[in-house]
Structures are given as C-alpha cells and as structure tokens.
Amino acid sequence: MDKVKVGILGATGMVGQQLVRLLERHPWFEIAALAASDRSVGQVYGEVCSWRVSADMPAAAREMRVRPCEPQALSDCELIFSALPGDVAGSIEEAFAAADYVVSSNASSHRMSPDVPLLVPEVNPDHLALIDVQRRRRGWRGFIVTNPNCTVNALGLVLKPLHDRFGLRTVMVTTMQALSGAGYPGVPSLDSLDNVIPYIAGEEPKVEREPLKLLGRLEGDEVREATFAISAQCHRVATRDGHLESVAMAFEQPATVEEVKDALREFRGLPQELGLPSAPQPPLVVREEPERPQPRLDREAGGGMAVVVGRVRPCPVLHVKLTLLGHNTVRGAAGAAILNAELQAAQGYLRGRTL
Ligand code: NAP
Numbered sequence: 000m001d002k003v004k005v006g007i008l009g010a011t012g013m014v015g016q017q018l019v020r021l022l023e024r025h026p027w028f029e030i031a032a033l034a035a036s037d038r039s040v041g042q043v044y045g046e047v048c049s050w051r052v053s054a055d056m057p058a059a060a061r062e063m064r065v066r067p068c069e070p071q072a073l074s075d076c077e078l079i080f081s082a083l084p085g086d087v088a089g090s091i092e093e094a095f096a097a098a099d100y101v102v103s104s105n106a107s108s109h110r111m112s113p114d115v116p117l118l119v120p121e122v123n124p125d126h127l128a129l130i131d132v133q134r135r136r137r138g139w140r141g142f143i144v145t146n147p148n149c150t151v152n153a154l155g156l157v158l159k160p161l162h163d164r165f166g167l168r169t170v171m172v173t174t175m176q177a178l179s180g181a182g183y184p185g186v187p188s189l190d191s192l193d194n195v196i197p198y199i200a201g202e203e204p205k206v207e208r209e210p211l212k213l214l215g216r217l218e219g220d221e222v223r224e225a226t227f228a229i230s231a232q233c234h235r236v237a238t239r240d241g242h243l244e245s246v247a248m249a250f251e252q253p254a255t256v257e258e259v260k261d262a263l264r265e266f267r268g269l270p271q272e273l274g275l276p277s278a279p280q281p282p283l284v285v286r287e288e289p290e291r292p293q294p295r296l297d298r299e300a301g302g303g304m305a306v307v308v309g310r311v312r313p314c315p316v317l318h319v320k321l322t323l324l325g326h327n328t329v330r331g332a333a334g335a336a337i338l339n340a341e342l343q344a345a346q347g348y349l350r351g352r353t354l
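Position 223, counted from 1, in the sequence shown is what numbering that gives the first Met the number 0 calls 222; the numbers after and before it change by one each time, with no gaps.
Below you can see the structure in the form of structure tokens.
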C-alpha cells in the first residue's frame, strides 16, 4: 500500500518538530511537505528550525525547503497536520479543508465548533460522524478534525472510564504544566527558573469546557455536552515535558478506590482494538508507588502516548483523588493528531484528494 503523503503546518515549532520526529518511520504516512511562517518560507528546514526534541532531526526533513501555509503550495499532500498558533490556524485550516484536504489540527480555533469533531480516539470515536455534518453544512470535500488542549487530552482519557462506570458529578483539577507547553522559545528563563507561575493565559476555560464536549453524547447532527462541573487551576512549572494533574472527583454512583483503579486498568479503546500504529497498549498505566507519576520518570510511557495515573486515594471532600501525567507534546499534541488521523484512515475517511 502506498503511504499517504502528509504536510505539516507550523513544522518548525515545538509540536511541529514532534510531528516530524513521530512521522519519520510511520507505516502509513510519509512527510511530503513542511510549512511555516514567512520567517521560514523558502529556507532549508535543517537551517531555519531550532530543533529542540531529543532525537536527531530526521535526514529527509533536514533537506526540505519550507513552504508557505497555502493549499496550492502543498498540492502533493492529502493529509495536513496543523501545529499553527490558535490565532492564525482558523482561516488557514478552513482554506485547506475547502481545498479538499483532510486537516488534523492541534490548534484551539475549531475545537468547540459544533460540526468539528474534538477527538480522542479511545474516548469518542463515534464523534467522527460529525465529518459528514461538517462537509454538508460547509460545502467542503475536505474536513477538519481537532484534538483537545494538551491538559485535556490526558485528563479526558482518565475521566472517560470513570464517567462511563460511575458517572462524574464534580471534577476539581490542579495542573503543573511543562515549559514546552508554551511553544518555543516560550517562557523566558528568568521567569521560569526557581519559580511557579500560577497563570496560563486562556488555559483554565479550555480545561473547564473541552472535556464536556469530549465526553458528550452524539445525538443526530450534534454533540450533547456532558453536564458535570469542572473547576481548573493551571500552573506553569519549570519542567521540560509532561503535564502533571492533581484531580479530585465526586461520582453519581458510589465508587471505592479499588473500583476506580480497576476501571482505569481495564480501560481499552477502539485504537487498541484496531491495533492502530500509535495506540499505546494499555492507554492508562496505574502505578502503586506513593511518589509516582513524575514527569522525568513517566512521560515516555507507551512512547509518550500512555497516561500514567498514581496516588489513587479517598478524598475527604469529594470521593476519590489521584495524580495523572501526560506527555504534552506527544499524547497532548503531535501523537494525538497522528492517532486521530490513523483512526480516520482505518475508517475510510482518507480516500485521496480529487482536485
Ligand atoms: P510554537 O512552538 O510557537 O510553533 C508555532 C509554529 O507556527 C511555528 O512553526 C511557526 O513558524 C508557525 N507560525 C507562526 N505564525 C504563523 C503564521 N502567521 N503563518 C504560518 N505559520 C506560522 O507553538 P507550538 O507549541 O508548537 O504549538 C502549536 C499549536 O499546537 C498551537 O495552536 C498550540 O496551542 C497547540 N498545542 C501545543 C501544545 C504544546 O504542548 N506545545 C499542546 C497542545 C496543543 P515559524 O518558525 O516560521 O515562525
């Protein structure tokens, strides 16, 4: 089978670089084009990109010339991964979808649009049916699918089996988010070293809103959002990768600590069933040591695609509390977008451009 040719928008940024790394030896997808801003267009990727991921820059990418983020400039691609900033992604992604491309986006621009799937393949694969609604409403042959915010990707995976089994009533989450979540160069070193910043612009509203769409029920042409209450407090801490989240929950049905652990350990989704190339086996890792998870020790679990949960214990105010860790640029961004595209490929949504 010929590999699907893909283009990456925002290829020089933190998420774009992870996409380049993760797609290097992908069995289904092959990078054909790298695109970024006017600052980089026309230059050779290996020279213009400040490579900041641990592995070496793939040789094929190194030699590619950076293209503009315009549909006509990526006409040899079928599938587009967008790692553009939220304030520019909206119209650019729409132009690609209107020009018959499949767009798998990390940006926030379209996440809450009623006809755009906000997808975590283990959580709500049925929401892909919104693609047909989107095409019909907008008159596109292409389409946009988004993944949630980096914090919500990990949180949503943990909430899913608990909501299904016990029903969530209240979720309180306090995050400790890595510096790479702010992109590159991100937070100045004099602000981040020896410090915790108790504010991340725009983050708390996303963490309080996106899980409700993610865990919502598809009814006809729309998603009826889940109705539990979420309160989020988000902090930037001086770790490099891996968002740590302390979560306390109240349930509709009584649940013991052991029942919560069992629900998390037993959880499997459609990607695991289908054996998608980027699906972690298992998606959730439950640890018993009192001091885990930790960003440095646990962020690479399942190649960065598994979420690690620990410290599951009773909560004297709500019912149960725990700590979770997700790799923000892999499970929270690049890996999430790739897994989304793998599910679309497996379900026949990538059929080749016709323009
Ligand atoms: P970043 O490091 O700042 O990279 C931004 C990329 O977009 C660069 O390639 C940049 O190209 C390009 N770009 C900027 N302005 C542009 C324009 N006007 N036209 C075309 N390209 C433009 O950001 P990031 O952290 O990778 O984040 C990318 C997206 O993913 C954002 O929407 C972010 O919210 C989302 N996201 C990030 C994370 C994370 O953990 N970092 C997690 C989840 C989601 P130049 O190098 O040429 O300027």
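Ideal Cβ positions, reconstructed from N, Cα and C, are used throughout, including at glycine.
| said: Along the chain, where does the alpha helix (DSSP H) containing Pro270 start, and where does it finish? | reply: 269 to 273
| request: Tell whether a beta-carbon distance below 8 angstroms holds between Tyr44 and Ala60. | output: yes
| task | Answer with buried or exposed for Ser188, where buried requires no fewer than 16 other C-beta atoms within 10 angstroms of its C-beta. | result | exposed
| task | Could you check what DSSP says for Val65 in three-state terms: helix, strand or coil? | result | coil
| Gly15 to Ser53, Cα distance in whole Å? | 14 angstroms
| request: Compute the beta-carbon to beta-carbon distance between Asp143 and Ala82, rounded to the nearest angstrom, for a pair I have assumed lies under 8 angstroms. | output: According to the sequence shown, residue 143 is Ile rather than Asp. 14 angstroms between Cβ atoms; not a contact.
| message | Given a cut-off of 8 angstroms on the beta-carbon distance, is the pair Val102 and Asn148 in contact? | response | no
| query | Smallest Cα separation from Asp220: which of Met248, Glu62, Ser112, Thr322? | reply | Ser112
| said: Please list the terminal residues of the continuous alpha helix (DSSP H) segment that includes Pro160. | reply: 149 to 165
| Hey, does Asp55 have any beta-carbon neighbour from chain B nearer than 8 angstroms? | The chain labelled as chain B is not found in the depicted structure, where only one protein chain is given.
| query | Per DSSP, what kind of secondary structure is Pro294 in: helix, strand or coil? | reply | helix
| message | Can you determine whether any heavy atom of the ligand NAP sits closer than 7 angstroms to the C-beta of Thr238, and answer yes or no? | response | no
| task | Give a single yes or no on whether Leu83 has its beta carbon closer than 7 angstroms to a heavy atom of the ligand NAP. | result | yes
| task | Determine the extent of the beta strand (DSSP E) in which Glu355 is found, giving its start and end residues. | result | Only positions 0 to 354 of the chain appear in the structure, and residue 355 is not among them; the question remains open.
| query | Rounded to whole angstroms, how far is the Cβ of Ser107 from the Cβ of Glu92, which I believe are closer than 8 angstroms? | reply | About 11 angstroms; that fails the 8 angstroms criterion.
| message | For the beta strand (DSSP E) containing Arg136, name the first residue and the last one. | response | Arg136 -> not in any beta strand (DSSP E); alpha helix (DSSP H) instead, spanning 129 to 137.
| Val3 to Ala278 span [Cα, whole Å] | 18 angstroms
| query | Apart from the five residues on each side of it in sequence, which residues of its chain come closer than 6 angstroms, Cβ to Cβ, to Val236? | reply | Met175, Val195
| message | Does the contact criterion of 3 or more C-beta pairs under 8 angstroms hold for the stretch 257 to 272 versus the stretch 237 to 246? | response | no
| said: Less than 8 angstroms between the C-beta atoms of Ala10 and Ala35, yes or no? | reply: yes
| said: For Gln346 and Arg216, what's the separation of their Cα atoms in angstroms? | reply: 20 angstroms
| task | Using the DSSP secondary-structure output, state which residues sit across from Thr174 in a beta bridge. | result | Cys233, Glu244
| Does any heavy atom of the ligand NAP sit closer than 7 angstroms to the C-beta of Cys76? | no
| request: Could I get the ranges of all uninterrupted beta strand (DSSP E) runs contained in the stretch 27 to 63, with 3 residues as the minimum, in chain order? | output: 28 to 35
| query | Could you give the residue range of the beta strand (DSSP E) that holds Arg140? | reply | That residue, Arg140, is in no beta strand (DSSP E); it is neither H nor E in DSSP.
| query | Going by beta carbon distance, what residues of the same chain come within less than 8 angstroms of Thr353, once the five residues before and after it are set aside? | reply | Low confidence applies to Thr353: its pLDDT is 46, below 50, so where it sits in the model is not reliable enough to give any reading.
| field | Which residues DSSP lists as bridging Gly325, in chain order | value | His242
| query | How is the alpha helix (DSSP H) around Lys4 delimited, first residue to last? | reply | Note, Lys4: premise wrong, no alpha helix (DSSP H); beta strand (DSSP E) at 3 to 8.
| request: Ignore the nearest five residues each way along the sequence and tell me which others in Cys314's own chain have a CB closer than 7 angstroms to its CB. | output: Ala247, Lys320
| request: Report the three-state DSSP secondary structure of Leu283 (helix, strand or coil). | output: strand
| Thinking C-beta only, is Asn152 closer than 8 angstroms to Gly325? | yes
| query | Is the CB-CB distance between Ala335 and Asn146 below 8 angstroms? | reply | yes
| query | So Ile199 is in the beta strand (DSSP E); what residue range does that whole segment cover? | reply | Taken as a continuous stretch (DSSP letters only), Ile199 belongs to no beta strand (DSSP E), as it is neither H nor E.
| request: Could you tell me whether the stretch 163 to 170 touches the stretch 118 to 133, where touching means 3 or more Cβ pairs closer than 8 angstroms? | output: no
| said: Taking 6 angstroms as the limit between beta carbons, can you name the residues of its chain near Ala332, skipping five residues before and five after? | reply: Val14, Asn105, Cys149
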